[in-house]
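Per my numbering, the very first residue in the sequence shown carries number 7; after that it's consecutive.
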Amino acid sequence: MDVFSRTFLPAAAETSVPISTTSRHMPVFRRCVSPNERTVLVARCQRPEQHMQGDYLLLLTKRRLVVTHETLLLRRLRLHLNSELRHLDHVTWTADPRSAIVELAVTAIDGVRERFMIKLGDREHAAHVEALLSYAFLAQPVDARTTTATTAITAA
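Pasting the structure below:
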């Protein structure tokens, strides 16, 4: 079993993503991520500007961010975002401990600003997801594009 397979399911279980959901999205993720990449985070998310448009599933590794979209009615899967972390600009995340929501915003290489809201069950899970985002994004080497990663915590 490769590194991706060994780390994907435990990461999904940490954020309570059902196994049926991960099974549907796995073929898309497999096409985007190499077998030797370690999964940092798997989480269901929503796009704040597009309510009721279906489910999104976010996969974060140390090198790549992949987001898939599943439509509500027909449950069709499509790749929404697939980017190496070094190609993302202006990466920010905000954790709201009162509502246990973490909002992640990135600017993709094509200049499109993407926002994702990760709803979690409690404050501890929100703090854990925030730590995982810090682990993945703050450890990136700074190159000519200079990825900025900031964390803002809303006061309780």
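We put the CB at the ideal spot given by N, CA and C, even for glycine.
Note that the structure is predicted; figures quoted are calculated from it, not measured.
Return the first residue and the last residue of the alpha helix (DSSP H) that HIS31 is part of. Where HIS31 is concerned, the enclosing alpha helix (DSSP H) starts and stops at 25 to 38.
Over what stretch of residues does the alpha helix (DSSP H) that includes HIS75 continue unbroken? Note, HIS75: premise wrong, no alpha helix (DSSP H); beta strand (DSSP E) at 70 to 76.
Can LEU87 and THR21 be called in contact, C-beta distance under 8 Å? no
Would you kindly work out how many angstroms separate the C-alpha atoms of ILE159 and VAL39, rounded to a whole number? At ILE159, the pLDDT of 40 sits below 50, so the modelled position is not reliable; the number obtained from the coordinates is stated separately. Each residue's Cα considered, the two are about 30 Å apart.
Strictly by DSSP, which residues pair up with MET123? GLN52, GLU109
Taking the straight line between their C-alpha atoms, what separation do you get for ARG82 and GLU120? Computed Cα separation, rounded: 21 Å.
Skipping 5 residues on each side, what residues in its chain have a beta carbon closer than 8 Å to that of ALA106? LYS125, LEU126, GLY127, ASP128, ARG129, HIS131, ALA132
For the segment 97 to 105 against the segment 73 to 82, do three or more pairs of beta-carbon atoms, one drawn from each stretch, fall closer than 8 Å, so that the two count as touching? Taking 8 Å as the limit for Cβ pairs, the verdict is that the segment 73 to 82 does not touch the segment 97 to 105.
Use the C-beta contact count for VAL112: other C-beta atoms within 10 angstroms, 16 or more gives buried, fewer gives exposed. buried
Relative to the C-alpha of TYR141, which residue among ARG44, PRO103, GLY60 is closest? Among ARG44, PRO103, GLY60, the Cα nearest to that of TYR141 belongs to ARG44.
Alpha carbon to alpha carbon, how far is THR152 from ASN42? Residue confidence is low: THR152 scores 40 on pLDDT, short of 50, so the model does not pin down where it sits. Its coordinate-derived value is still stated next. The alpha-carbon of THR152 is positioned some 26 Å away from that of ASN42.
Determine, using beta carbons only, whether LEU91 and ARG69 come nearer to each other than 8 Å. Between LEU91 and ARG69, the C-beta spacing is below 8 Å.
As assigned by DSSP and simplified to three states, the class of VAL135: For VAL135, the secondary structure class from DSSP, reduced to helix, strand or coil, is helix.
I'd like to confirm the pairing. Which residues does DSSP put opposite ARG84 in its beta bridges? HIS75
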